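Okay, so here's the structure we're looking at.
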Amino acid sequence: MIVYHGSNIDIKEPKIIQSNRALDFGFGFYTTTFKEQAEKWAIRKCTNA
Numbered sequence: 036m037i038v039y040h041g042s043n044i045d046i047k048e049p050k051i052i053q054s055n056r057a058l059d060f061g062f063g064f065y066t067t068t069f070k071e072q073a074e075k076w077a078i079r080k081c082t083n084a
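When we follow my numbering, the leftmost residue of the sequence shown carries the number 36, and every step to the right adds one.
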């Protein structure tokens, strides 16, 4: 199975870091099977930086 992560950087080894931020689904390394969805998230990260 191929999964995609919507990031604007290359992730070699994902690390789960706990913080006090409330996330929609809790802590984790979120992926999707939809390449287009990951691309949209990566673009959002670049424009919101």
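Using N, Cα and C, we set each Cβ at its ideal position, and we do this for glycine too.
Just so we're clear, the structure is a prediction, and the values are computed from it rather than from any experiment.
- The alpha-carbon separation between T68 and C81 amounts to approximately 21 Å.
- Distances from the CA of V38 to each of I51, K50, F64 were compared; the closest alpha carbon is that of F64.
- Linking W76 to S42 through their CA atoms gives a straight-line distance of about 7 Å.
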